[in-house]
Amino acid sequence: MIEMRELRKDFTVRVKAGRLRRAKRTVSAVDGVSLSIGRGEMVGYIGPNGAGKSTTLKMLTGVLTPSSGHVSVCGLTPVPQRTRLALRIGVVFGQRSQLWWDLPLRESFRLLRHIYRVPAAEHAARLRRCRSLLDLDAFLDTPVRQLSLGQRMRGELTAALLHGPEVLFLDEPTIGLDVVSKQAVRSFLAELGGSGDVTLVLTTHDLADIERLCERLVVIDHGRVVHDGSIEALHERYGSRRSIVADLAEPLPDGFELPGTKLAGVTANGHRVTFVLESSTAGAAVAGLVAAVDVRDLSLLEPDIEDVVARLYSATDAP
Ligand SMILES: Nc1ncnc2c1ncn2[C@@H]1O[C@H](COP(=O)(O)OP(=O)(O)OP(=O)(O)O)[C@@H](O)[C@H]1O
1 MIEMRELRKD FTVRVKAGRL RRAKRTVSAV DGVSLSIGRG EMVGYIGPNG AGKSTTLKML
61 TGVLTPSSGH VSVCGLTPVP QRTRLALRIG VVFGQRSQLW WDLPLRESFR LLRHIYRVPA
121 AEHAARLRRC RSLLDLDAFL DTPVRQLSLG QRMRGELTAA LLHGPEVLFL DEPTIGLDVV
181 SKQAVRSFLA ELGGSGDVTL VLTTHDLADI ERLCERLVVI DHGRVVHDGS IEALHERYGS
241 RRSIVADLAE PLPDGFELPG TKLAGVTANG HRVTFVLESS TAGAAVAGLV AAVDVRDLSL
301 LEPDIEDVVA RLYSATDAP
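For the sequence shown, UniProt numbering begins at 1 and goes up steadily by one.
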């Protein structure tokens, strides 16, 4: 569905070189990305600021011409075949709108139906689904400029889907949304992706989006792919471990050791302790702890994706 081979985008920028002089410098925003994304995949495309995510999406959607390499989406070459491509893809860029600012949402949807020449019945069916899944009814007749960010984002998602695209590109779809709107958008996307009909590529800085939605995670940094695989594979590669957090009746005795684990934190005057599981299983560690000290409460924490991604970003920071 999406093919990129050695895709590159260089920008020429002018930088200060001395008091008056300016020199030209080339920034390789995307530096040889090769990826192949199949129908129905849900792919999270993440990376630190300036990694090249938006530039990649712009090349995939026909907004930017690559400097070199090959790109095809739905069998089309994005820039020269941009009009045909537009009928097959949906695009939601969090910072930009595809809605008419002064028109009620309902009117934007009507106009889009004409622009994309969608048969009335198909359009009505898709709109009905979005209205119910995204709770649009309360603000369908409100002009777009009066919508809250969360309401507008729900409108944007609907607008991107009314022509039945095969691929949906989302650039920061949950940025700036409150918790409830984030959940609404995520559930909607999960449902959409779950059908297997739509290929979904999203960039985000909110890793909860990825955890909730994407089986495949592509991490880029300095324009290059530094990880392509599942979240589990990322944890494995970086040795992420689960941990046990226990609340104790008495402070943890000095020098206490729990075999196969590492003491990672002691707080609340020694009453709350965190052990990271190394060679021990969770069961053995819990049994060992309960046998040795008076445990009041206990929980098992899965490895934190934020942590592992932060480690990955800092590992790739060196030039
Ligand atoms: N039009 C442009 N002209 C010059 N440089 C650009 C242009 N667009 C992007 N860049 C540079 O290319 C690099 C990648 O930018 P890009 O916007 O793709 O990153 P990003 O991963 O989307 O970042 P963010 O998470 O901050 O949105 C950055 O160094 C950026 O400054």
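Yeah, the Cβ is synthetic: ideal placement off N, Cα and C, and Gly gets one too.
Could you check if Q95 is buried or exposed, using at least 16 other CB atoms within 10 Å of its CB as the buried criterion?
In the sequence shown, the residue the question calls residue 95 occupies position 95. Counting Cβ neighbours within 10 Å, Q95 comes out exposed, since fewer than 16 surround it.
Smallest Cα separation from V245: which of M59, R296, R82 and R117?
Taking the sequence shown and counting its residues from 1, one reaches residue 245 at position 245. The closest CA to that of V245, considering only M59, R296, R82 and R117, is found on R296.
Evaluate the contact criterion for the region 189-203 versus the region 32-45: three or more CB pairs, one atom per stretch, below 8 Å.
With the rule of 3 Cβ pairs closer than 8 Å, the region 189-203 counts as touching the region 32-45.
Would DSSP call T199 helix, strand or coil?
Here the question's residue 199 lines up with position 199 in the sequence shown. DSSP places T199 in strand when its eight states are reduced to three.
Report the rounded CA-to-CA distance for V290 versus I46, giving the unit in angstroms.
As a working note, residue 290 is residue 290 in the sequence shown. As a working note, residue 46 is residue 46 in the sequence shown. So the alpha carbons of these two residues sit roughly 41 Å apart.
Under the assumption that S97 contacts R154 (Cβ atoms under 8 Å), give the Cβ distance between them as a whole number of angstroms.
The residue you call residue 97 lines up with position 97 of the sequence shown. The residue you call residue 154 lines up with position 154 of the sequence shown. With a beta-carbon spacing of about 13 Å, S97 and R154 fall beyond the 8 Å limit used to define contacts.
Please tell me whether V167 and I2 are closer than 8 Å, where the distance is taken between their beta carbons.
To locate residue 167, count along the sequence shown from 1; it is residue 167. To locate residue 2, count along the sequence shown from 1; it is residue 2. In terms of Cβ geometry, V167 and I2 form a close pair [threshold 8 Å].
Segments of 3+ residues assigned as beta strand (DSSP E) that fall wholly inside the region 91-140
Taking only runs of at least 3 residues, no beta strand (DSSP E) segment lies wholly in the region 91-140.
Anticipated Cβ contact below 8 Å, I90 with P173, distance rounded:
Position 90 of the sequence shown, counted from the first residue, corresponds to residue 90. Position 173 of the sequence shown, counted from the first residue, corresponds to residue 173. Going by the sequence as given, residue 90 is Gly instead of Ile. Wrong, their Cβ atoms sit about 11 Å apart, outside the cutoff.
Let's see if you can read the secondary structure: which residues bound the beta strand (DSSP E) around H227?
For this step, residue 227 is matched to residue 227 along the sequence shown. Element bounds for H227: R224 to G229.
In three-state DSSP terms, what is A51?
Stepping through the sequence shown from its first residue, residue 51 is reached at position 51. A51: coil per DSSP, three-state reduction.
Take every Cβ of the region 53-63, pair it with every Cβ of the region 18-38, and state whether three or more of those distances are shorter than 8 Å.
Contact between the region 53-63 and the region 18-38 is present, because at least three Cβ pairs lie under 8 Å.
Spatial neighbours of V309 within its chain, please: CB distance less than 8 Å, with the 5 preceding and 5 following residues excluded, ordered by chain position.
Locating residue 309 in the sequence shown gives position 309, where the first residue counts as 1. The answer, listed in chain order, is I46, L207, V219 and L234.
Since P143 sits in a beta bridge, which residues does DSSP pair it with?
In the sequence shown, residue 143 corresponds to position 143, counting from 1. DSSP lists P104 as the bridge partner or partners of P143.
Quick one: is V185 buried, meaning 16 or more other Cβ sit within 10 Å of its Cβ, or exposed?
Numbered from 1 along the sequence shown, position 185 holds the residue referred to as residue 185. So V185 ends up on the buried side.
Tell me, to the nearest whole angstrom, how far the beta carbon of D141 is from that of P104; I am working on the premise that it is less than 8 Å.
Along the sequence shown, one-based indexing puts residue 141 at 141. Along the sequence shown, one-based indexing puts residue 104 at 104. Indeed, because the Cβ distance is near 5 Å, the residues count as touching under 8 Å.
Pull every residue with its beta-carbon under 6 Å away from any heavy atom of ligand 1, and keep them in chain order.
With 6 Å as the limit between CB and the heavy atoms of ligand 1, the residues that fall short of it are F11, V13, V27, A29, G47, N49, G50, A51, G52, K53, S54 and T55.
Taking one C-beta from the region 278-289 and one from the region 255-269 each time, how about it: are there three or more such pairs within less than 8 Å?
At 8 Å Cβ cutoff, the stretches touch.
Assigned exposure category for S230 - 16 Cβ within 10 Å defines buried
Along the sequence shown, read from residue 1 onward, the residue named residue 230 stands at position 230. Exposed is the call here.
Residue range of the beta strand (DSSP E) that F256 falls in?
For the purposes of this step, residue 256 is taken as the residue at position 256 of the sequence shown. Per DSSP, F256 is not a residue of any beta strand (DSSP E), being assigned neither H nor E.
Over the uninterrupted beta strand (DSSP E) stretch that includes T261, give me the two end residues.
Residue 261 sits at position 261 when you count from the first residue of the sequence shown. Counting along the chain, the beta strand (DSSP E) containing T261 begins and ends at T261 to T267.
4-residue-minimum alpha helix (DSSP H) runs that sit fully inside the region 16-43, ordered along the chain:
Under the rule that a run must span 4 or more residues, no alpha helix (DSSP H) segment is found entirely inside the region 16-43.
Three-state secondary structure (DSSP) at A318?
Sequence index remark: in the sequence shown, residue 318 carries index 318 (1-based). Note that A318 has pLDDT 49, beneath the 50 cutoff, so the model's placement of it is unreliable and the number below is only indicative. Reduced to three states, the DSSP call for A318 is coil.
Cβ pair L133, F93 closer than 8 Å:
Here residue 133 is taken as the residue at index 133 of the sequence shown, counted from 1. Here residue 93 is taken as the residue at index 93 of the sequence shown, counted from 1. No; because the gap between Cβ atoms is not below 8 Å, this pair is not in contact.
Quick check: what's the CA-CA separation for E250 versus V273?
In the sequence shown, the residue the question calls residue 250 occupies position 250. In the sequence shown, the residue the question calls residue 273 occupies position 273. Distance between the alpha carbons of E250 and V273 is about 11 Å.
Under the three-state DSSP convention, the category L207 falls into:
Here residue 207 is taken as the residue at index 207 of the sequence shown, counted from 1. In this structure, L207 counts as helix in the three-state DSSP scheme.
Alpha-carbon to alpha-carbon, V266 and T77:
As a position in the sequence shown, residue 77 is number 77, starting the count at 1. As a position in the sequence shown, residue 266 is number 266, starting the count at 1. Using only the alpha carbons, I get a separation of about 56 Å.
Let's see if you can read the secondary structure: which residues bound the beta strand (DSSP E) around T274?
Here residue 274 refers to the residue found at position 274 when the sequence shown is read from its first residue. Annotation for T274: the continuous beta strand (DSSP E) segment containing it runs R272 to L277.
Same chain only: Cβ atoms within 7 Å of F315, ignoring 5 sequence neighbours per side
As a working note, residue 315 is residue 315 in the sequence shown. Checking the displayed sequence, the identity of residue 315 turns out to be Ala instead of Phe. Excluding sequence neighbours, A315 sits near nothing in its chain.
In chain order, each alpha helix (DSSP H) run of at least 4 residues that lies wholly inside the region 281-318
DSSP runs (the alpha helix (DSSP H)) wholly in the region 281-318: 282-292 and 305-315.
With burial defined as no fewer than 16 other Cβ atoms inside 10 Å of the residue's Cβ, what is the status of K24: buried or exposed?
For the purposes of this step, residue 24 is identified with residue 24 of the sequence shown, where counting begins at 1. Counting the other Cβ atoms within 10 Å of the Cβ of K24 gives fewer than 16, which makes it exposed.
Hey, how far is the Cα of W101 from the Cα of V144?
Taking the first residue of the sequence shown as position 1, residue 101 is located at position 101. Taking the first residue of the sequence shown as position 1, residue 144 is located at position 144. So the alpha carbons of these two residues sit roughly 5 Å apart.
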